[in-house]
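The structure under discussion appears below in the form of structure tokens.
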Amino acid sequence: MAEIDDRNPKVAAKFYQMLPIEAKANLWGEEVYFEVPLALEDENPSPSAKSGDISYWSPGSAFCIFFGRTQPYSPVNHLGSVIEGLNLFESVLNGDRIVLSRK
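Using numbering that gives the first Met the number 0, the letters of the sequence shown map in sequence onto residues 0 to 102.
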């Protein structure tokens with residue numbers, strides 16, 4: 000479960016409108032990411048992330064979930080945070096099916 004926050008409200012609102020999203024997972028260190036059919040400009044990009052952050056990476060049109068110490072390759076737009084079940088991402092493999100939906 001995740002909560003959207005106000006760090007990048009315009010980008011977060013666009014993502015929320017897209018839900019549900021289904022994609023195949025990719026891994027980069029302790030980050031799960033996948034491409035989304037959305038090209039948005041950066042709003043308030045940040046060069047760093049903390050475990051639990053969910054973010055949008057504009058250069059790759061990708062949704063990112065940080066679950067450890069891995070930092071973004073380049074600045075990301077934080078959308079919110081995972082508030083429950085973050086440990087589940089530790090077992091995700093490349094190619095696993097990921098589904099994001101509204102509660």
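Using N, Cα and C, we set each Cβ at its ideal position, and we do this for glycine too.
For V10, the enclosing alpha helix (DSSP H) covers residues 8-17. DSSP lists no bridge partner for A24. Counting along the chain, the unbroken beta strand (DSSP E) around A61 starts and ends at 61-65. For L78, the enclosing beta strand (DSSP E) starts and ends at 76-81. In summary, Y15 is exposed, with fewer than 16 beta-carbon neighbours lying within 10 Å of its beta-carbon over all protein chains present. Looking at the DSSP output, D52 sits in a beta bridge with S80. Scanning its chain for C-beta atoms nearer than 8 Å, with the 5 sequence neighbours on each side dropped, one finds around G84 the residues M0, in chain order.
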